[in-house]
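Enquirer: Residue numbers (UniProt numbering): 1 to 251.
Glycine included, every Cβ here is placed at the ideal spot set by N, Cα and C.
(1) For the beta strand (DSSP E) that residue 176 lies in, which residues bound it at each end?
(2) CB-CB under 7 Å to residue 227, same chain, minus the five flanking residues each way: which ones, in chain order?
(3) Residue 29 and residue 49 - do their beta-carbons sit closer together than 8 Å?
(4) Hey, out of 218, 119 and 158, whose CA is closest to residue 180's CA?
(5) For residue 46, count neighbouring C-beta atoms within 10 Å of its own C-beta (all shown protein chains included) and say buried if the count is 16 or more, exposed if not.
(6) Quick test of the definition: if touching needs 3 or more C-beta pairs under 8 Å, does the region 163–181 touch the region 20–40?
(7) Helix, strand or coil for residue 155, going by three-state DSSP, please let me know.
(8) Might you give, ordered along the chain, the residues of its own chain that have their beta carbon closer than 6 Å to the beta carbon of residue 164, omitting 5 neighbours on each side?
(9) Could you say which of 161, 193, 96 and 84 lies nearest to residue 106 if we only look at CA atoms?
(10) Pick helix, strand or coil for residue 86, following the three-state DSSP scheme.
(11) Measure from the alpha carbon of residue 64 to the alpha carbon of each residue in 19, 195, 110 and 84, then state which is nearest.
(12) Can you confirm whether the region 84–100 touches the region 51–69 when touching is taken to mean that 3 or more C-beta pairs between the two stretches lie within less than 8 Å?
(13) Answer yes or no: do residue 43 and residue 137 have a C-beta to C-beta separation smaller than 8 Å?
(14) Indicate whether the contact test is met: 3 or more Cβ pairs, each with one atom in the region 111–122 and one in the region 63–81, closer than 8 Å.
(15) Report buried or exposed for residue 39, applying the criterion of at least 16 other Cβ atoms within 10 angstroms of its Cβ.
(16) When burial is assigned at 16 or more other CB atoms within 10 Å of the CB, is residue 173 buried or exposed?
(17) Looking at the strands, I want to know which residues DSSP matches up with residue 145.
(18) Measuring CB to CB, does residue 71 end up less than 8 Å from residue 124?
Below you can see the structure in the form of structure tokens.
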């Protein structure tokens, strides 16, 4: 299996146990596994917890996201994941672990790394932007797309203190979810309403701060998914405009 191909939980844990995977890769995976399996309190997104337990997540290790190698690894790994994802499960995600930085970074630095990476992925996208997804980030139905697939992206990083659900100790981490995993979970369905209530209850026990005011449902008036990708650690801070300059975001 190539370095840029996503791996299963079974494959990673077997490699760690045999000593074939060590160093930062093993350290990053162990930290994630501890977060998903800890029950005091449990991680808020029970979908992620369940998918990790059942082996329906895929994991990708990537070099520094500011490097060409890091960007290329994510582009190749994401394309491979999206091709096989429909055959994995109805609820699945790709988790990307980046090589830890050699120094402590600020929240702004992690935010910039995230958006620079997404802009780079856009340039490397093998498919045109989908016709049914707005190209203007100001539209509430805009969302990041790659290889023709709309998706939701969540960033976690060491810079979070109060918003513990976004904290991870060893560097930038992404969770990438194809839009179709949310089919049947819209807020106007019983399943969607129950899922949101359950996640909110778990968030209240997990985070030291209420949900950010920019959190909302896809497509709702005044809600922009991109504002939720890299949340601030306080509810007083907000992102006023799309973080990527128009000239750097080609559609």
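Expert: Result, derived from the coordinates:
(1) On the chain shown, position 176 is the one that residue 176 refers to. Residues 173–178.
(2) Position 227 of the chain shown, counted from the first residue, corresponds to residue 227. Closer than 7 Å at the Cβ level, and outside the excluded window around residue 227, lie 214 and 239.
(3) As a position in the chain shown, residue 49 is number 49, starting the count at 1. As a position in the chain shown, residue 29 is number 29, starting the count at 1. No, these two residues do not count as a Cβ contact at 8 Å.
(4) Residue numbering aside, residue 180 sits at position 180 when the chain shown is read from its first letter. Ranking the options by Cα distance to residue 180, first place goes to 218.
(5) For the purposes of this step, residue 46 is taken as the residue at position 46 of the chain shown. Exposed is the call here.
(6) yes
(7) As a position in the chain shown, residue 155 is number 155, starting the count at 1. Of the three classes helix, strand and coil, the one that applies to residue 155 here is strand, per DSSP.
(8) The count along the chain shown starts at 1 and reaches residue 164 at position 164. Cβ neighbours of residue 164 beyond the five flanking positions: 206 and 207.
(9) In the chain shown, the residue the question calls residue 106 occupies position 106. Of the candidates 161, 193, 96 and 84, 161 places its Cα closest to the Cα of residue 106.
(10) As a first step, residue 86 is located in the chain shown; it is residue number 86 there, counting from the start. In the structure shown, residue 86 sits in a helix (DSSP, three-state: H, G or I).
(11) Taking the first residue of the chain shown as 1, we reach residue 64 at position 64. It is 110.
(12) yes
(13) Reading the chain shown from its first residue, position 43 is the one you call residue 43. Reading the chain shown from its first residue, position 137 is the one you call residue 137. It is not a contact, given that the beta carbons lie outside the stated cut-off.
(14) yes
(15) Within the chain shown, residue 39 is the residue found at index 39, counting from 1. So residue 39 counts as exposed.
(16) Sequence index remark: in the chain shown, residue 173 carries index 173 (1-based). Label assigned to residue 173: buried.
(17) Here the question's residue 145 lines up with position 145 in the chain shown. In the DSSP output, where bridge partners are listed per residue, residue 145 has 150.
(18) As a first step, residue 71 must be located in the chain shown, where it is residue number 71. As a first step, residue 124 must be located in the chain shown, where it is residue number 124. The answer is yes: Cβ separation under 8 Å.
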